[in-house]
Every structure is written in structure tokens, then in C-alpha cells.
Amino acid sequence: MTDEGLERWRLVLGEPADACAGAGGLTGRAAARDAALGWLYGRDEDLARRDVRRGGGRAGGDGPSALTTIDWLDEIHRLFPKETVERLERDAVERYEIHEVVTDPAVLARVEPNATLLKAVLRTRHLMNPRVLELARRIVAAVVAELLERLAAEVRQAFAGTRSRRPSRFRQSRNFDVRRTIAGNLAHYQPEHRRLVIETPYFVSRTRRHLERWQVILLVDQSGSMVGSVIHSAVTAACLWGLPGVKTHLVAFDTNVVDLTADVDDPVELLMKVQLGGGTNIARAVAYAAGLVENPRRTIVALVSDFYEGGDQGQLVRGVARLVEQGTHVLGLAALDEDANPDYDRAMAQRLADVGAGVGAMTPGELAAFVAEHVGR
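Each position in the sequence shown, counted from 1, maps to that position plus 14 in my numbering.
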């Protein structure tokens with residue numbers, strides 16, 4: 015094993031593995047990395063329970079650290095690759111609740127905007143004074159701009175029209191007909207190279223049907239555990255806003271209901287108004303959505319929630335059942351973000367599914383495809 019490999023294992027294992035680093039121990043850049051890791055992970059209370067000695071090195075000592083939050087941020091950006099920096103910042107904010115990362119103006123001026131910091135800004139906005147809020151807005155704007163650029167492409171793709179089996183002379187990658195191209199070029203297969211030479215690529219056409227106006231009502235649970243879905247719901251609503259044949263509403267709720275539709279075209283301003291936390295009354299939000307419905311058979315109500323109802327569960331189920339009975343498409347989404355990892359009340363989700371709601375988890379692109387499929391009918 016190279017010396018670099020030994021140093022990496024020493025950084026992973028901490029001070030108890032000092033012997034692995036050789037007689038001189040960690041030096042130079044490796045020692046600086048160890049100090050930066052120790053500043054953060056040395057405060058883990060689980061170390062004492064596991065009888066890990068909190069000396070120098072990884073544990074960072076029992077006295078006050080020589081590093082400030084600003085120093086630490088500067089150090090990790092100098093010492094680690096971007097992916098590692100984002101993980102360290104995420105652990106600082108979420109695992110150890112070092113709020114200075116998003117509430118200290120001097121620190122905010124140094125951090126690179128990313129999705130983790132955006133979530134932290136939304137969770138700790140109530141701790142910020144006006145000056146810090148303006149700096150925090152930079153993080154919100156940067157991350158939202160990145161999400162908009164990526165999600166807008168997915169929405170455009172979903173609304174580009176349905177693929178037909180008719181051949182097309184218009185060559186575009188998204189219309190590439192893989193199956194016909196393979197079948198039509200099998201004569202050019204080269205077994206010695208295990209390669210299929212494509213001499214004639216084939217493409218399909220797309221058809222666009224007449225679009226009748228549809229409503230899409232996004233009901234978003236703004237409890238603290240749903241922050242990722244709140245962010246992606248706001249950006250998804252902005253992408254859907256103004257599309258032909260679609261009228262978009264965005265409604266946030268906890269125990270109260272707030273209609274944010276007026277701010278849908280400005281997701282940055284919208285997110286700065288969201289109030290995370292508090293209780294949850296899903297039934298009240300469903301009742302509000304029912305009052306927005308214009309044409310039930312051309313309405314999609316997407317309820318983005320973990321389904322932990324703090325209000326009347328029976329009223330929630332009856333409200334969803336009434337929407338379904340009148341012809342409204344009701345989606346219960348346990349997650350709406352890039353990962354779509356659901357964490358939800360399965361018993362309540364099953365009750366909603368039993369009365370006709372479609373329950374699951376979607377990425378924003380999958381939701382856009384669902385909307386596009388129904389709007390194009």
C-alpha cells in the first residue's frame with residue numbers, strides 16, 4: 015500500500031490508527047485534513063458511548079477549538095474535492111446543527127450554494143436578521159436557477175408531444191427509434207468486433223393533439239420533514255406555469271392553508287415566504303383544493319405530503335373520495351424531489367388509495383410526464 019493509501023485509512027479511522035501513518039504521523043496536507051475532520055466529527059456524542067478516546071487529532075481535543083466556522087469552511091474548500099465539501103457542509107448543518115453556516119453573514123459570503131444549504135436556509139430563516147436574509151437569498155436564487163434549468167428541460171420533453179410509430183425524416187435524438195434501427199441494420203453486425211454498424215438510423219414522428227384547458231393543483235405539506243419536496247414543488251409549478259393548456263395552482267399547508275399561486279412565476283420569492291414546521295391538517299388543504307376545481311374531469315390534484323394527518327382522518331378520506339367520485343385525478347405523492355425516497359404514513363396512504371387516489375412517489379420529471387399525458391388526451 016502506498017503512503018497515500020495509509021494516510022487515507024488513518025483519516026478514516028482517526029487517532030487510534032496513528033501507528034498506520036508511520037513514525038512521523040500525519041504531516042502537511044494530511045494533518046490539515048485530519049484537523050478539519052476533527053473540528054466537525056470530534057463533537058459527536060456517540061464517541062464517548064463507544065469508548066473512543068477524545069484526544070488530539072480526529073477528536074479535536076476537549077478544549078475550545080482553534081478553528082472558527084469561517085476558518086473551517088476555508089480549510090475544507092482548500093483541502094477536499096467538491097463532493098466531499100458538500101457532504102461536510104451537510105453534516106455540519108443537519109447532523110451537528112452548526113447554524114452559523116447559514117446565519118452568520120461572514121460565513122454565508124464564503125459558502126458555495128447547493129441544495130443542502132438551501133434546505134438549511136429555509137429551516138433557519140426565522141433566525142436571520144434582514145442583512146443575513148439578503149445574503150441567504152443568494153443561495154436560494156442560485157440553487158433555484160440550477161433546478162429550473164434542469165427541470166424545465168424535463169418538462170419541455172414531457173410536453174413535446176406523444177411518439178407515434180410513423181417514420182419521420184426529421185432527425186432529432188429524442189425521436190430516435192432504437193428498435194427499428196437495430197432491426198433494420200442487423201445485416202451490418204460484425205461478430206468479430208461484437209459491434210453493430212448503423213448505416214441507416216430511423217426516427218419516429220410526434221403527434222400533438224388539441225389541448226383543452228386542464229387545472230393542476232399542487233397541495234404541498236410544508237412540515238419540516240418535507241422541505242425537499244417543497245423546494246421541488248415550487249420549481250415544478252414554475253416550470254408548468256404558462257404552458258399551453260395548463261392552469262397551475264400552488265397551495266402550501268400546515269394547520270393553515272396558504273395559496274401561493276400569485277408567486278408561482280418567482281420560485282425564489284415563493285420559497286422565501288414558505289413557513290416550515292408546525293402541525294398538519296391535510297383535510298383542510300383538500301377541502302380548499304376542492305373549492306378551486308373548475309372542471310373536475312380536467313383537473314389533477316397532486317397532494318405532496320407524508321400523510322401524517324394531524325386533523326380529522328375521516329374527513330381527509332371523505333374529501334379525497336368526493337374529488338375522485340366527481341372525476342378529478344387525485345395523486346398522493348409521498349415525495350417530489352430528485353431522489354423520490356418516500357417516508358410516509360402507509361396506513362393513511364392505503365386508505366386514500368382505497369377511495370381511488372393514486373399513491374406513490376415521483377420525481378418532478380415524472381409528475382410533468384403524468385400531467386403531459388393527461389393534458390394531451
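No residue lacks a Cβ here, since even glycine has one placed at the ideal position from N, Cα and C.
As the structure is a prediction and not an experimental result, all values here were calculated from the model.
Taken atom to atom, the span from the alpha-carbon of Val-218 to that of Ala-197 is near 15 Å. Ranked by how close their Cα comes to the Cα of Ala-134, the residues Ala-155, Val-241, Val-146, Asn-189 have Val-241 in first place. Here Thr-214 is exposed, its C-beta having fewer than 16 other C-beta atoms within 10 Å. Looking at the DSSP output, Gln-204 bridges to Arg-209. Per the DSSP secondary-structure output, Trp-228 pairs in a beta bridge with Val-260. The beta carbon of Asp-326 sits closer than 8 Å to those of Ala-297, all from its chain and outside the five residues before and after it, given in chain order. Under DSSP, Met-376 forms a beta bridge with Leu-350. Each residue's CA atom was taken as its position, placing Phe-321 and Tyr-216 some 46 Å apart. Under the three-state reduction of DSSP, Ala-266 is assigned to strand.
About 13 Å separates the CB atoms of Val-315 and Val-369; that is not less than 8 Å, and the two are not in contact.
Rounded to the nearest angstrom, the gap between the Cα atoms of Arg-185 and Ala-251 is 31 Å. Contact annotation, Val-107 with Asn-128: C-beta distance approximately 11 Å; criterion of less than 8 Å not satisfied. Non-local C-beta neighbours of Ala-120 in its own chain, meaning closer than 6 Å and more than five positions away in sequence, comprise Ile-84, ordered along the chain. Below 8 Å, enough C-beta pairs join the stretch 283-301 and the stretch 259-273 to call them touching: three or more. Under the Cβ criterion (8 Å, minimum of three pairs), the stretch 198-205 does not count as touching the stretch 275-291.
If you look at Ala-297, you'll find it in the alpha helix (DSSP H) that goes 296-306.
Taking 8 Å as the cut-off, the Cβ atoms of Leu-350 and Ser-243 count as close.
When the beta-carbon positions are compared, Ser-247 and Val-230 stay at least 8 Å from each other.
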